[in-house]
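Undergrad: Numbering of the sequence shown is given in this note's numbering, commencing with residue 16 and proceeding in unit increments.
Positions of the beta carbon are idealized from the N, C-alpha and C atoms, including for glycine.
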Amino acid sequence: MNNRVPDRGAHAMRRVGASALAAALGLAAAAAVAAVAAEDPPQQLAAVSEDLTLLSLEDLMRIEVTSVSKRAEPLSTAAAAIYVLSGEEIRRAGVRSLAEALRLVPGLHVGRTNQSTQQYAISARGFNSPTADKLEVLLDGRSVYTPLFSGVFWDTLDTFMPDIDRIEVIRGPGAALWGANAVNGVINIVTKDAAQTRGLHALGGGGNEERGFGGVRYGMRAGDSGNLRTYAQAFERDDGKRRDGSDAPSSLRLQQAGFRGDWHPAGAHGYSALGDAYQGHRRTDTGDMDLDGFDLQGRWTRRGSERSDFSVAANFDHYHRMIPQVYEETRDTLNLDAQHRLAVGSLQEFVYGLSYRNTDDETGGPPRAYIFAPQSARLETFGAFVQDQIRLAGGDGTLTLGSKFEHNDYTGFEVQPSVRLGWQLRERSFAWAAISRAVRTPNRLDTGLTVFCPPGFPVCEGGQQYPIGDPDLPVEKLIAYESGLRVWGVERWSVDLALFHNDYDDLRSAEASPPFGRFGSGLEGTGEGAEINLNWRALQTLDLRLFYSHLQLDLDAKSDSTDAGTERSVEGSNPTHIAGLVAFWQPAPRWDVHGFLRYVSELPATNIPEYTELNLRVAWHWRPDLMLSLSGTNLLDDQHPEFGIDIAPRLEAQRGVFAQIDWTWD
16 MNNRVPDRGA HAMRRVGASA LAAALGLAAA AAVAAVAAED PPQQLAAVSE DLTLLSLEDL
76 MRIEVTSVSK RAEPLSTAAA AIYVLSGEEI RRAGVRSLAE ALRLVPGLHV GRTNQSTQQY
136 AISARGFNSP TADKLEVLLD GRSVYTPLFS GVFWDTLDTF MPDIDRIEVI RGPGAALWGA
196 NAVNGVINIV TKDAAQTRGL HALGGGGNEE RGFGGVRYGM RAGDSGNLRT YAQAFERDDG
256 KRRDGSDAPS SLRLQQAGFR GDWHPAGAHG YSALGDAYQG HRRTDTGDMD LDGFDLQGRW
316 TRRGSERSDF SVAANFDHYH RMIPQVYEET RDTLNLDAQH RLAVGSLQEF VYGLSYRNTD
376 DETGGPPRAY IFAPQSARLE TFGAFVQDQI RLAGGDGTLT LGSKFEHNDY TGFEVQPSVR
436 LGWQLRERSF AWAAISRAVR TPNRLDTGLT VFCPPGFPVC EGGQQYPIGD PDLPVEKLIA
496 YESGLRVWGV ERWSVDLALF HNDYDDLRSA EASPPFGRFG SGLEGTGEGA EINLNWRALQ
556 TLDLRLFYSH LQLDLDAKSD STDAGTERSV EGSNPTHIAG LVAFWQPAPR WDVHGFLRYV
616 SELPATNIPE YTELNLRVAW HWRPDLMLSL SGTNLLDDQH PEFGIDIAPR LEAQRGVFAQ
676 IDWTWD
């Protein structure tokens, strides 16, 4: 049962006590494992695991990222609010899904929802919801957002977690390169080249929330110049809990398999082929929800010289989702992309490209509650982008000018320009500023959503269909002003600060139109805030990271709008404050301890109070090829709400414990 104390003072005291108890237990466990591990000679354990704590923070700042400019550049001099979540940091945290990994990223709001069609609501810089529509999300260069609502089905976005190389997260618009939907951010998930994953890696485990999970990946050579890996995995997650502590049908079972091949023959050419397929079932109040899909992707690159390279990529994505009595959709999407990078002289570098997307869908009709008009649709998007990076006199600064040009079937031609300035202030400090325009184009939900009125429903005529969408909606518009400062020491510390002010116009509204209303474009407003991330290597074996983000949304209905409160709902569904403290400690060569303490302020629109939670993981590297770990999540509460409408069936996040074993064989 939920044992939250209604009195705020008693509740706060209980939280402090629980925090102290959890911290004491964590320290005691770490001390115990350190004492046991100290019995083994350090020289015998030196090869147990790759110790990234031996790298200086300056080395980490040299990590190359590609999401800011579609070309490799050091993280330290990327002119954007970007954070790179490494595969090693994901392993340390022991997270079991991509959505949970994103909690570790500064400036992202990640909340578990009560919606049967979504498991998470994830956004940057506001506008979070189960159908959040202002983030571009990519997996190995493949866009995974659905044209249904311009968001992501997080419950089926998955991969074999040990194969992740890094996740690059940009807070702020990336539309000048990535196009419509990259309004408030870009999440780029990059997996390892197949050459980095030879041999066998098997894992498995389970607990009270993560009921059971397992996966295996095998990598091998493929000819003289290539490598190939395949994987298969499955998991089952438990039902959620309602506010009163009763079980809510929401368990998820998912099976997935995939492959990646990379070939690098002698010369300038390279080839990659990737694919995944999944099938799953989720329990809901209206019956079992069916989930299935697959994707295929191919990429060819040609490096002409250090000053020029060219790439062509194609991918096909298919999925099917069905919730009995509520919604059904089958979608096929084809994407084509071509890109060329060319350096001109010593001070200028161009990147430009073309893109094409074709998406076909088939949606279910009555008696399901939500249908779309027309029931089937084919949509095409044509795009081109160009970016010119100019090295300023003296070589300490760069000016980047660029724009995306797109044509879509809803609003026609759209232009999304950006200007970015970066300046190396000193040897280890970098400042940047940017002005960008981004748009979010209408989608199937905006333009075609229709409610089917069941017989006997009191506010409408039974058997009739009532349109909610408006096919004439304009694009949502953003003008963003950003600035940032990045400072780092040689070995022990770094600071990354970003400030932003966003001006929004023609945001989606809910206009009065009996019986259910209609979508409109009647909202405007601003969003502003700050994000800071601090890294400190306190000891050679102890890394600490503290991050904080502040957001203030101020939205208003336009004078000609009949919307009666959407602006308050949007404002109140995003936390003003998010903070996190991440600690990683290696008390001895065989052991590591990871702790993640996070705070999220209240969401007044949905009556969700502020909460503080703690995740802990202790791992023992028994042998170089075998690791055992024990993880606890949400340790400070039996359960608590994170996102969702304030109704009785709302699901709440629960305390969880699970064990895992990892085995590798070369």
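With burial defined as no fewer than 16 other Cβ atoms inside 10 Å of the residue's Cβ, what is the status of Glu539: buried or exposed?
TA: Counting from 1 along the sequence shown, the entry for residue 539 is found at position 524. Burial call: buried.
Undergrad: Under 6 Å Cβ to Cβ from Glu657, same chain only, skipping five residues before and after it: list those, please.
TA: Counting from one through the sequence shown, the residue named residue 657 turns up at place 642. Excluding residues within five positions, the ones whose Cβ falls inside 6 Å are Gly126, Arg127, Ala668.
Undergrad: The alpha helix (DSSP H) that contains Ser584, what's its start and end?
TA: Residue numbering aside, residue 584 sits at position 569 when the sequence shown is read from its first letter. Start and end: 581-586.
Undergrad: So, for Glu476: in the same chain, excluding its five sequence neighbours on each side, which residues have a beta-carbon less than 7 Å away from its beta-carbon?
TA: In the sequence shown, counting from the first residue as 1, residue 476 sits at position 461. The residues are Cys468.
Undergrad: Looking at C-alpha atoms only, which residue of Gly200, Leu172, Lys85 is the closest neighbour of Val184?
TA: Reading the sequence shown from its first residue, position 169 is the one you call residue 184. Nearest C-alpha to Val184: Gly200.
Undergrad: Glu625 to Arg613, Cα distance in whole Å?
TA: Position 610 of the sequence shown, counted from the start, is the residue given in the question as residue 625. Position 598 of the sequence shown, counted from the start, is the residue given in the question as residue 613. Computed Cα separation, rounded: 11 Å.
Undergrad: Suppose only complete runs of 4+ residues qualify. What are the alpha helix (DSSP H) ranges in the stretch 379-408, listed by chain order?
TA: For the stretch 379-408, not a single whole alpha helix (DSSP H) run of length 4 or above is found.
Undergrad: Which residues share a DSSP beta bridge with Gln439?
TA: As a first step, residue 439 must be located in the sequence shown, where it is residue number 424. DSSP output for Gln439 lists Phe445 as bridge partner(s).
Undergrad: Return the chain-ordered list of same chain residues with a C-beta closer than 7 Å to the C-beta of Ala136, the five sequence neighbours on each side being excluded.
TA: Locating residue 136 in the sequence shown gives position 121, counting from the first residue. Gly126, Thr128, Asn143, Ser144, Pro145, Ala147, Phe658, listed in sequence order.
Undergrad: Three or more beta-carbon pairs under 8 Å between the stretch 112-119 and the stretch 637-644, yes or no?
TA: In short, these stretches do not touch, since the Cβ pair count stays below three.
Undergrad: Between the Cα of Ala392 and those of Asp347, Val434, Val366, Ala353, spot the shortest distance and give me the residue it belongs to.
TA: Here residue 392 corresponds to residue number 377 of the sequence shown, with the count starting at 1. Nearest option by C-alpha distance: Asp347.
Undergrad: Does Ala579 pass the burial test, meaning 16 or more other C-beta atoms within 10 Å, or should it be called exposed?
TA: Translated into positions along the sequence shown, residue 579 becomes position 564. Exposed is the call here.
Undergrad: For Ser564, name the three-state secondary structure that DSSP assigns.
TA: Start at 1 with the first residue of the sequence shown, and residue 564 comes out as number 549. Residue state, collapsed to three classes: strand.
Undergrad: Roughly how many whole angstroms lie between the Cα atoms of Ile660 and Thr621?
TA: Walking along the sequence shown from the start, residue 660 turns up at place 645. Walking along the sequence shown from the start, residue 621 turns up at place 606. Those two C-alpha atoms are separated by around 5 Å.
Undergrad: Label Leu36 either buried or exposed according to how many other C-beta atoms from any shown protein chain fall within 10 Å of its C-beta, with 16 as the threshold for buried.
TA: Mapped onto the sequence shown, residue 36 falls at position 21. At Leu36 the pLDDT is 32, less than 50, meaning the model places this residue with poor confidence and gives no usable figure here.
Undergrad: Of all the options Ala87, Asp239, Arg244, which has the alpha carbon lying nearest to the alpha carbon of Ala288?
TA: As a first step, residue 288 must be located in the sequence shown, where it is residue number 273. Taking only the C-alpha atoms, the option nearest Ala288 is Arg244.
Undergrad: Is the stretch 387-403 in contact with the stretch 363-370, if contact means three or more CB pairs nearer than 8 Å?
TA: Touching, per the Cβ criterion.
Undergrad: Using the Cβ count rule (16 or more neighbours within 10 Å means buried), how would you classify Pro389?
TA: Along the sequence shown, one-based indexing puts residue 389 at 374. Label assigned to Pro389: exposed.
Undergrad: Could you tell me which uninterrupted alpha helix (DSSP H) segments, each at least 4 residues in length, are contained entirely in the stretch 280-325, listed from first to last along the chain?
TA: Fully enclosed alpha helix (DSSP H) runs of 4 or longer: not present.
Undergrad: Classify Trp606 as buried or exposed, calling it buried when 16 or more other Cβ atoms lie within 10 Å of its own Cβ.
TA: As a position in the sequence shown, residue 606 is number 591, starting the count at 1. Classification of Trp606: buried, given that the 10 Å Cβ count is 16 or more.
Undergrad: Just mark Arg102 as buried or exposed, buried being the case when its beta carbon has 16 or more other beta carbons within 10 Å.
TA: Start at 1 with the first residue of the sequence shown, and residue 102 comes out as number 87. The sequence shown places Gly at residue 102, not Arg. Buried is the call here.
Undergrad: Within 8 Å, do at least three Cβ pairs link the stretch 426-442 to the stretch 210-218?
TA: No, the stretch 210-218 does not touch the stretch 426-442.
Undergrad: Between the Cα of Glu251 and the Cα atoms of Ile338, Ser112, Ile97, Leu269, which residue gives the shortest distance?
TA: Translated into positions along the sequence shown, residue 251 becomes position 236. The shortest Cα separation from Glu251 among Ile338, Ser112, Ile97, Leu269 belongs to Leu269.
Undergrad: Residue range of the alpha helix (DSSP H) that Glu104 falls in?
TA: By one-based count along the sequence shown, residue 104 stands at place 89. Unbroken alpha helix (DSSP H) run through Glu104: 102-108.
Undergrad: Assess, as a yes-or-no matter, whether the stretch 191-206 is touched by the stretch 236-243 under the definition of 3 or more beta carbon pairs within less than 8 Å.
TA: They do not touch, by the three-pair rule.
Undergrad: Tell me which residue opens and which closes the alpha helix (DSSP H) that Trp193 is part of.
TA: Here residue 193 refers to the residue found at position 178 when the sequence shown is read from its first residue. Residues 190-193.
Undergrad: For the stretch 521-528 against the stretch 566-577, do three or more pairs of beta-carbon atoms, one drawn from each stretch, fall closer than 8 Å, so that the two count as touching?
TA: The stretch 521-528, when compared against the stretch 566-577, does touch it at the 8 Å Cβ threshold.
Undergrad: If we call anything under 7 Å between Cβ atoms a contact, is Thr171 one with Leu306?
TA: If you number the sequence shown from 1, residue 171 lands on position 156. If you number the sequence shown from 1, residue 306 lands on position 291. Yes. Within cutoff.
Undergrad: Just grab the DSSP bridge partners of Leu215 for me.
TA: For this step, residue 215 is matched to residue 200 along the sequence shown. Beta-bridge pairing links Leu215 to Tyr233, Trp680.
Undergrad: Examine the Cβ distances between the stretch 315-334 and the stretch 345-363 and report whether three or more of them are shorter than 8 Å.
TA: They touch, by the three-pair rule.
Undergrad: With a threshold of 16 other CB atoms inside 10 Å of the CB of Ala674, please say whether the residue is buried or exposed.
TA: For this step, residue 674 is matched to residue 659 along the sequence shown. Exposed: under 16 other Cβ atoms inside 10 Å.
Undergrad: So, does the stretch 474-488 touch the stretch 524-535, judging by three or more C-beta pairs under 8 Å?
TA: Touching, yes, given that three or more Cβ pairs across the two stretches are closer than 8 Å.
Undergrad: Please report the Cβ distance between Ser584 and Gly537, rounded to the nearest whole angstrom; I am assuming they are in contact, meaning their Cβ atoms lie under 8 Å.
TA: As a position in the sequence shown, residue 584 is number 569, starting the count at 1. As a position in the sequence shown, residue 537 is number 522, starting the count at 1. 14 Å between Cβ atoms; not a contact.
Undergrad: Return helix, strand or coil for Thr345, following the three-state DSSP convention.
TA: Taking the sequence shown and counting its residues from 1, one reaches residue 345 at position 330. Of the three classes helix, strand and coil, the one that applies to Thr345 here is strand, per DSSP.
Undergrad: Taking just the CA atoms, how far does Asp558 sit from Gly595?
TA: Working through the sequence shown from its first residue, we reach residue 595 at position 580. Working through the sequence shown from its first residue, we reach residue 558 at position 543. Their backbone Cα atoms lie some 14 Å apart in a straight line.
Undergrad: Comparing alpha-carbon positions, which option in Val152, Trp315, Arg632 lies nearest Pro280?
TA: Residue numbering aside, residue 280 sits at position 265 when the sequence shown is read from its first letter. Of the candidates Val152, Trp315, Arg632, the one whose C-alpha sits nearest the C-alpha of Pro280 is Trp315.
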